[in-house]
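Just so we're aligned, residue 50 is where the sequence shown starts under our numbering, counting upward by one. C-beta: ideal position from N, C-alpha, C; glycine also.
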Amino acid sequence: MTQETVNVGRLIDDRPMGRLQVLTIALCALVNMLDGVDTQSIGVAAPFIAETMGVPITSFGPVFSAALLGAALGAIGFGALADRLGRKRLLVVALFLMSAFTLLTAHAPDFTWLLVYRFLAGLGLGGATPCFIALTSEYAPARHRSACVTLMWSGFPLGAMIGALANSALLESHGWRAIFYLGGVLPLVLAAVVIVWLPESLKFLVTRGFDGAARRVIARMGVALGPNTALVTDERPAGAPLRQVFAQGRALATFVLWVPFFTSMGILTVAVLWTPSLLRLNGISPAATAFVVAFNGLGAFVGQAVCGRLIERVGTVPALMPAFVLGALVTAGLGYGASSVPAAATFIGLNGLFLGFASAGAIALAARLYPTPVRSSGVGLGMAMGRFGQMVGPLVAGWMLSSGFTAGQIMLAIGSTAMIGAAFVVWFHILMTREKADAGAAQVRIG
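This is how it looks when you write it as structure tokens:
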């Protein structure tokens, strides 16, 4: 009897997107929204936590960076584990970590414990990221992969925007602790939804030999398989995912891509975390500071939602170069407009638009660079570099503020690093163009 084979990669690439794929990407976007909620929450709450604990706001740079250091380490560790143990399983663990330590943040007894709880919550936040990016990439058809990944990533700014608006109301009625109650309960609820509804990566299941589980996922996609159908994929499991990230000529491209991650995510985070404190120092009300931050989420949501489609239509450099350059300019403008709510709202919204676009572009490029066996690891490393940018940026901004630099000088210095990101986007594009040309020449020689 002849055995029929089904390539699960082609099954996803060749069919129209079905309900299960849409559900998967939507759930991944919801998880990503939690990261957006958390990132702006600590920035909005910081002036009030400082008052409660009796510490100066200029000392909060390490608090802002603690969660981001945890997120960087979580992205690396969970990314590698997800390539071995599965994306869904590690995503659930990350959500539980996120929930537990965000709730504990509301009752941190002192500054030291606040640092500890933020670091551990960050492990969960960062650990979730490579899992949901890989799941989105692996359930999206190749022709729409960049658009799907960047659309999913727009959940982050959407969460930041909704969270900022909610926090504006919560601060007035229930105080800063309510922000972390909300931020801790949401991951717990979503973990239950993920356990029930989110499928494991189909390519992961096949490469790891989980045939029965793969068949159940395919059945949920509405595809009927015969009892003798064999499931195959073009990719094979990697023996050491972190080393394999740099294999097959990907090492230099990987290092080059880390710089756009670092700069775009770092600048975005400085804007979200420090703008509320700068506004408070200028006498702006708590509700108004939270309202201003919501504009960053709105801008980033628009930028990230359109990024993938624009890259697919016009190419990497024409899409990303202007985003980085304009991001540098509006970030500088944000520093000089921090004394006025309308000016701050305008500039922080444009900061979100251009740097959100740039960060989504880096993620889309990473998802395309790495094959399935090392995609979580590769994306995780890129996100870790972005998290390190998010960690370093607020520390530098805090040091500059305590050293007497003005808001304009701080944002000008931080924003100028986007120009470096732009240069490395061009370098990455050159590397990928050469690789395609070399692969084509090799194919001609073989033919």
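Reducing DSSP to helix, strand and coil, say where residue 120 ends up. DSSP places residue 120 in helix when its eight states are reduced to three.
Which residues in the same chain as residue 358 place their Cβ atom closer than 6 Å to its Cβ, once the five residues preceding and following it in sequence are excluded? 196
Hey, is the stretch 467-476 in contact with the stretch 336-352, meaning 3+ C-beta pairs nearer than 8 Å? Segments in contact, no.
Simplified DSSP assignment, three categories, for residue 7: Here the chain comprises residues numbered 50 to 496, so residue 7 is not present and cannot be evaluated.
Looking at residue 201 and residue 77, is the spacing between their C-beta atoms short of 8 Å? yes
Across which residues does DSSP place residue 428 in a beta bridge pair? Answer is none; residue 428 lacks a bridge partner.
For residue 137, which residues from the same chain have a beta carbon less than 6 Å from its beta carbon, with the 5 sequence-adjacent residues on both sides left out? Only 247, 249 meet the Cβ criterion.
Residue 54 by DSSP, collapsed to three states: which one? strand
Burial state of residue 117 (16 or more Cβ within 10 Å): buried
Beta-carbon separation of residue 125 and residue 418 under 8 Å? no
Counted within 10 angstroms of its Cβ, other Cβ atoms place residue 217 as buried (16 or more) or exposed: buried
Thinking residue 150 and residue 80 are a contact (beta carbons under 8 Å), I'd like their distance in whole angstroms, please. About 16 Å; that fails the 8 Å criterion.
Using DSSP's beta-bridge definition, name the partner residues of residue 280. 55
Leaving out five residues on either side along the sequence, give the residues of the same chain with a beta carbon under 6 Å from the beta carbon of residue 89. Excluding residues within five positions, the ones whose Cβ falls inside 6 Å are 209, 212, 213, 321, 342.
With distance defined between alpha-carbon atoms, name the residue in 352, 477, 331 nearest to residue 385. 331
Given a threshold of 16 other Cβ atoms within 10 Å of its Cβ, counted over all protein chains shown, does residue 100 qualify as buried or as exposed? exposed
Just mark residue 63 as buried or exposed, buried being the case when its beta carbon has 16 or more other beta carbons within 10 Å. exposed
Could you say which of 449, 425, 462 lies nearest to residue 379 if we only look at CA atoms? Per the Cα distances, 462.
With a cut-off of 8 Å on the beta carbons, I'd call residue 387 and residue 393 a contact; round off their distance for me. Indeed, because the Cβ distance is near 5 Å, the residues count as touching under 8 Å.
Using the three-state DSSP reduction, which class does residue 343 fall into: helix, strand or coil? Residue 343 sits in a helix when the DSSP states are folded into three classes.
Should residue 313 and residue 239 be called a contact, given that it needs their Cβ atoms to be closer than 8 Å? no
Under 8 Å between the Cβ atoms of residue 225 and residue 94? yes
Measuring alpha carbon to alpha carbon, tell me which residue in 119, 450, 206 is nearest residue 108. For residue 108, the nearest C-alpha among the options comes from 450.
Which same chain residues end up closer than 6 Å to residue 148 when comparing Cβ atoms and leaving out the 5 residues on each side of it in sequence? 233, 236, 237
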